[in-house]
Amino acid sequence: LEDLTIRQVTEDRLPNLLGTHTERKFRVFMSDYGKSYSTREEYIHRLGIFAKNVLKAAEHQMMDPTAVHGVTQFSDLTEEEFKRMYTGVVDVDRGHGGVVGAEAPQLDIKG
Amino acid sequence: LPKDFDWREKGAVTEVKDQGACGSCWAFSTTGAVEGANFVSTGKLVSLSEQQLVDCDKACDPKDKKACDNGCGGGLMTNAYEYLEKAGGLEEEKSYPYTGKRGHCKFDPKKVAVKVLNFTNIPLDEDQITARLVQHGPLSVGINAVFMQTYIGGVSCPLICSKKRLNHGVLLVGYGSKGFSILRLSNKPYWIIKNSWGKKWGDNGYYKLCRGHDMCGINSMASAVLTQVSS
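Residue numbers (the numbering used here), protein chains in the order written: chain A, -9 to 101; chain B, 63 to 293.
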C-alpha cells in the first residue's frame, strides 16, 4: 500500500515575510522597543504576529478615525497574550453594575 | 460642573507607572484611586504600593466566588478596597516596591501610609461619574481594552466597542470638552485616563476616550474610595 501519510500540498497561509517591507518595519519595531528573540523560529513567529498586528492597527484606524492607531510595544503579541499579560480585570457577573460595596447616592448636578 | 477638569493639574496624580508583563492593572487602578483620595483629604501626594496588593490581596467578590484577586492573574478594584479595609491600609511604594511578579506577602502593618475607610460604586451615569470625579478625586474604572493594543494618540471613539467585555482596570483623572471626532462631526468631550503601561505607550501613558456613549463600558465599573492618613 502506498504510504498513507497526509502530505501538505498548499503553501503556508502566511507568505514568507523575510526580506519584505514588513520585516524592515519589524526591525525598526525591535530597535524602538529593545526587543530580541532567542531563536530564529521565535523571530519568524513574532514577525508573523507583527504582520497581523499591522493589519489590525489599520482596521482599528478605520473603526476609530479620531484616534491614531499603529505599531506599539505590544505589536509582537497575539491578542490573547496581550490580554493575559497586560490587562487583568477578572470577568465577573456584573449584573446591575458595581459588584462589591454600596452604590453612591445620586448627587444633585443641576445648575 | 466645570467644562474641563484635570486632577493632574492639581497635583493629585503620581507618575505613569508600568505593570510590566503581569495582569496587575487592577492593583494600579486601586492605588491610583487611593493616592488621589489621600491627596484630596491631606493635600499630600504619596505613591502607594501595588506590590502589597499583588502579593497579599486574595479577596474574592462576595457575589461571584470565582472573581478573586490573584496577583498577575487578575483582580477587581472593589475586591482590593475590601482587602485594604480589613488589612489596615496600604504601604508606600518605596517601602514595598513593585517587582512585576507575585511573591510572599511582606506587608508590615507598622508601615501603613494610608488607610481605606470606605468605598463606593458610582451609578452607571455619565453625569454622576463626572460629579464624583470632581468631588472625590480620580476614580477607578474598568474598560474594554480591545482598541488600546494599537492606540498611539488622539481621542479614541470607536464605532463599535463592546461595553460588556471589561478586561482592564485604569484610572479616570479628568475630562476635556474639545476632542474632535470626525465621524460624529463635532467636538466630542473626552475622558482623560491614566494607564499603567509606561510613558512610552499612548499619549505619554494616557488614553483619551470620548464621553457620552458609555464607550467600551467605561461607566460600568466606576468606584471611589474614602481614606484616612495612618496615624
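All C-beta atoms in this analysis are idealised placements derived from N, C-alpha and C, irrespective of residue type, glycine included.
These numbers come from a predicted model, not from an experiment.
Nearest candidate by alpha-carbon position, reference Ile254 (chain B), set B:Val174, B:Ser202, B:Asn229: B:Ser202
Count the CB pairs spanning the region 122 to 132 of chain B and the region 94 to 111 of chain B that are closer than 8 Å, and state whether there are at least three. No: fewer than three Cβ pairs fall under 8 Å.
Residue of A:Gln96, A:Gln63, A:Lys100, A:Leu8 minimising C-alpha distance to Met210 (chain B): A:Gln63
Using 8 Å as the limit for Cβ to Cβ distance, is Asn183 (chain B) near chain A? yes
For Gly264 (chain B), does the three-state DSSP call read helix, strand or coil? coil
State the DSSP-derived secondary structure class of Asp123 (chain B), mapped to helix, strand or coil. strand
Which same chain residues, not among the five before or five after Gly165 (chain B), have their C-beta less than 7 Å away from its C-beta? Result list for Gly165 (chain B): Asp117, in chain order.
Does any C-beta atom of chain B lie closer than 8 Å to the C-beta of Ala41 (chain A)? Not an interface residue.
If Leu152 (chain B) sits next to Ala175 (chain B), beta carbons under 8 Å apart, how far is it from one beta carbon to the other, in whole angstroms? 6 Å
Is the Cβ-Cβ distance between Thr92 (chain B) and Glu93 (chain A) less than 8 Å? With respect to Glu93 (chain A), Thr92 (chain B) sits apart: the two C-beta atoms are not nearer than 8 Å.
Under 8 Å, do Thr77 (chain A) and Asn229 (chain B) count as touching if we go by C-beta distance? With contacts defined as CB atoms closer than 8 Å, Thr77 (chain A) and Asn229 (chain B) qualify as a contacting pair.
Does the CB of Asp54 (chain A) have a neighbour CB from chain B at under 8 Å? Residue-level contact check: Asp54 (chain A) touches chain B, since one or more beta carbons of chain B fall below 8 Å from its beta carbon.
Nearest chain B C-beta to Arg36 (chain A) closer than 8 Å, yes or no? Under the Cβ criterion of 8 Å, Arg36 (chain A) is not counted among the residues facing chain B.
Can you give the Cα-Cα distance for Asp22 (chain A) and Phe72 (chain A), rounded to whole angstroms? 19 Å
Please list the partners that Arg74 (chain A) has in chain B, where partner means a Cβ-to-Cβ separation under 8 Å. Gly85
Residue-level contact to chain B via CB, Gly70 (chain A), 8 Å cutoff: Here residue 70 (chain A) is Glu; the residue named in the question, Gly, does not match the sequence. By this cut-off, Glu70 (chain A) is not an interface position.
Whose CA, out of B:Met277, B:Trp69, B:Pro200, B:Val232, lies closest to the CA of Trp259 (chain B)? B:Val232
What does the Cβ neighbour count give for Met52 (chain A), buried or exposed, with the cut at 16 atoms within 10 Å? exposed
Run of the alpha helix (DSSP H) containing Gln190 (chain B), from where it starts to where it stops: 188 to 198 is the span of the alpha helix (DSSP H), which, as asked, contains Gln190 (chain B).
Decide if Leu67 (chain A) is buried, meaning its Cβ has at least 16 other Cβ atoms within 10 Å, or exposed. Counting the other Cβ atoms within 10 Å of the Cβ of Leu67 (chain A) gives 16 or more, which makes it buried.
Can you give the Cα-Cα distance for Asn132 (chain B) and Tyr160 (chain B), rounded to whole angstroms? 16 Å
Burial state of His198 (chain B), where buried means 16 or more other Cβ atoms lie within 10 Å: Buried.
Return the chain-ordered list of same chain residues with a C-beta closer than 7 Å to the C-beta of Cys223 (chain B), the five sequence neighbours on each side being excluded. Asn206, Val208, Phe209, Met277, Cys278
Proximal residues of chain A, C-beta to C-beta of Val217 (chain B) below 7 Å: Thr56, Ala57
How would you call Lys256 (chain B), buried or exposed, if buried means at least 16 neighbouring beta carbons within 10 angstroms? buried
Looking at chain B, is there any beta carbon in it that lies within less than 8 Å of the beta carbon of Val79 (chain A)? Interface with chain B (8 Å Cβ-Cβ cutoff): Val79 (chain A) is included.
List the endpoints of the continuous beta strand (DSSP E) containing Tyr76 (chain A). It is not in any beta strand (DSSP E) - Tyr76 (chain A) instead sits in the alpha helix (DSSP H) that spans 69 to 76.
Within chain A, partners of Ile214 (chain B) - CB distance below 9 Å: Ala47, Ala57, Val58, His59, Gly60, Val61, Thr62
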